[in-house]
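Trainee: Handing you a structure now.
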Amino acid sequence: MKKQTKLVYLGSRPEPQYGSVNPPIFQTSTFAQVAPGEYKGFDYTRTDNPTRTVLQDMLATAENAEYALALASGMAAVDCVFAKLKTGDHIVTGDDIYGGTYRYLLDIASARGIDTSFVSFKDLENVRAAIKSNTKMIWFESPTNPLLNLNDIAAIVAIGKENGVLTAIDNTFMSPIFQNPLDLGVDIVMHSMTKYLNGHSDVIMGAVMTNREDLYLVMKNHQNAVGATCSPFDCYLAIRGMKTLSIRMRAHEENALKVAEALNGHPKIEEVLYPGLPSHPDHELAKKQQSGFGGMVSFRLKSDLEGTRKFLTSTKLFVLAVSLGGVESLIEQPATMTHFEMPKEAREAVGITDNLVRASIGIEDADDLIADLFQALDQI
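With the first letter of the sequence shown counted as 1, position 319 gets the number 408 in the working numbering; the numbers rise by one all the way through.
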């Protein structure tokens, strides 16, 4: 059975009592017990909930995983991934990761006594060189946010195994439709479910998946202990979204390629960053480890900060907003929005310049999206 069929099936199994083809929303905080300590599978929604269980089955299926957890946000999922680490441990990660994760590692992980080395993954010898005796995890993205650099997943896994170090990846940009890192040996996969998995910009959720029971139990206990759980209603919305994940991702990708090709060579565009373009330095790696190129396109304008702001405020269809992965097209300036907390020197050193634009390409008609970008370019 193909993945799309499985996701629709798991999200539409007839409910046994009344035959509803959509899972019920068990909007309850607690469950009646038959006798003290004896309950019918569930006792308290912070620990588990039937609606969440349906979603977690879908999440595990999507990533070819044995175990999955649905969490209150993408950052709650990031925190859950690091739950196994303790004071004195060390993390190796990329220098061009998502700004929220960058902030977490600098502010939260460091306060717990966990040290982080931010290195360029463009040369994996940097990763090897950064590993210390107390290194416990390699955390990475592929593609990275917002520069869309790819990292060789299998090679990073090999480095982790050579050194007895866990590997964990943020797979949000690709979704499980286009990339399955567990199949390549990664220990933990994380998603901001807010993005493509839900796909409608109406929930804040996260997810983690793994094939290792020991890691699953640590993360599940952490989720329960800190209360990083999502509501049954949000789970219901995510179930609805995941039923159409496969067809949405194909539409995002089709439009993204058309937009990238249209922007490539435009006189006011300095550079287009999209792995689906043969000119992208990681195009061959993308074809090797992905089954699609995704719906995110970044590009640099031949302009300065103010010109870039003018462009961003001139779009009519693209909404100027953070986040990504919804059916609608969003656009943003990483330097002042998603990555504003990174020091300017650190941003510019990795290529997050003032003229960089990140676009989440929706499922509208591609010709309309291209026309909107072109008219906005005419304003600068």
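All C-beta atoms, glycine included, are put in the ideal place defined by N, C-alpha and C.
Could you check which residue in LYS377, ASP204, ALA219 and TYR156 has the C-alpha nearest to that of THR176?
Mentor: Translated into positions along the sequence shown, residue 176 becomes position 87. For THR176, the nearest C-alpha among the options comes from ASP204.
Trainee: Is TYR156 buried or exposed, if buried means 16 or more other CB atoms sit within 10 Å of its CB?
Mentor: One-based indexing of the sequence shown puts residue 156 at position 67. With 16 or more other Cβ atoms within 10 Å, it is buried.
Trainee: Quick one: what does DSSP say MET147 is sitting in, helix, strand or coil?
Mentor: Here the question's residue 147 lines up with position 58 in the sequence shown. Note: MET147 maps to helix in three-state DSSP.
Trainee: By alpha-carbon positions, which one of TYR133, PRO125, ARG389 and ALA124 ends up nearest to PHE115?
Mentor: Against the sequence shown, residue 115 aligns to sequence position 26. Out of TYR133, PRO125, ARG389 and ALA124, TYR133 has the C-alpha closest to the C-alpha of PHE115.
Trainee: Identify the residues that DSSP records as bridge partners of GLY295: which are they?
Mentor: Residue numbering aside, residue 295 sits at position 206 when the sequence shown is read from its first letter. GLY295 is bridged to LEU160.
Trainee: Restricting to Cα atoms, I'd like to know which of LEU445, ASN138 and ALA296 is closest to SER392.
Mentor: For this step, residue 392 is matched to residue 303 along the sequence shown. Ranking the options by Cα distance to SER392, first place goes to LEU445.
Trainee: When you compare only the Cα positions, how much space is there between ASP276 and GLU437?
Mentor: Indexing the sequence shown from 1 puts residue 276 at position 187. Indexing the sequence shown from 1 puts residue 437 at position 348. In a straight line, the C-alpha of ASP276 is about 31 Å away from that of GLU437.
Trainee: Is it buried or exposed, LYS332, if we count other Cβ atoms within 10 angstroms and call 16 or more buried?
Mentor: For the purposes of this step, residue 332 is identified with residue 243 of the sequence shown, where counting begins at 1. The residue in question, LYS332, is buried, as its Cβ has 16 or more Cβ neighbours within 10 Å.
Trainee: Please name the residue or residues paired with ILE358 in a DSSP beta bridge.
Mentor: Within the sequence shown, residue 358 is the residue found at index 269, counting from 1. ILE358 pairs with LEU390.
Trainee: Are GLY365 and ALA345 close, meaning C-beta to C-beta below 8 Å?
Mentor: In the sequence shown, counting from the first residue as 1, residue 365 sits at position 276. In the sequence shown, counting from the first residue as 1, residue 345 sits at position 256. Yes, they are a contact pair.
Trainee: What separation, rounded to the nearest whole angstrom, lies between the Cα atoms of GLY126 and MET147?
Mentor: If you number the sequence shown from 1, residue 126 lands on position 37. If you number the sequence shown from 1, residue 147 lands on position 58. Each residue's Cα considered, the two are about 29 Å apart.
Trainee: Could you check which residue in GLU302, ASN300, LEU236 and ASN310 has the C-alpha nearest to that of THR427?
Mentor: The residue you call residue 427 lines up with position 338 of the sequence shown. When only C-alpha atoms are compared, the closest one is LEU236.
Trainee: What three-state label does DSSP hand GLY183 in the structure shown?
Mentor: Translated into the one-based positions of the sequence shown, residue 183 becomes position 94. It is a strand residue.
Trainee: Mind pulling the beta strand (DSSP E) runs of 3 or more residues that sit fully within the stretch 90 to 124?
Mentor: Runs found: 122 to 124.
Trainee: Please look up how many angstroms separate the CB atoms of ILE450 and SER418, rounded, as I've assumed it's under 8 Å.
Mentor: In the sequence shown, residue 450 corresponds to position 361, counting from 1. In the sequence shown, residue 418 corresponds to position 329, counting from 1. That pair is a contact at about 6 Å.
Trainee: May I ask you to report which of helix, strand or coil DSSP gives MET226?
Mentor: What you label residue 226 is simply residue 137 of the sequence shown in a count that begins at 1. Here DSSP, grouped into helix, strand and coil, assigns MET226 to strand.
Trainee: Let me see if you follow: with CB-CB separation under 8 Å, is PHE267 close to chain E or not?
Mentor: Among the chains in the structure shown there is no chain E, since it carries only a single protein chain.
Trainee: Which residue's Cα is closest to the Cα of THR318: GLY354, LEU160 and VAL278?
Mentor: By one-based count along the sequence shown, residue 318 stands at place 229. Checking every option, the nearest Cα to that of THR318 belongs to LEU160.
Trainee: Where does PRO103 land, buried or exposed, given buried means 16+ other C-beta within 10 angstroms?
Mentor: Here residue 103 is taken as the residue at index 14 of the sequence shown, counted from 1. Classification for PRO103: exposed.
Trainee: Can you tell me whether HIS280 is helix, strand or coil according to DSSP?
Mentor: Within the sequence shown, numbered from 1, the residue matching residue 280 stands at position 191. Reduced to three states, the DSSP call for HIS280 is strand.
Trainee: Note down the Cα distance separating ASN138 from LEU255, rounded to an integer number of angstroms.
Mentor: Your numbering for residue 138 matches position 49 in the sequence shown. Your numbering for residue 255 matches position 166 in the sequence shown. Cα-Cα distance, rounded: 30 Å.
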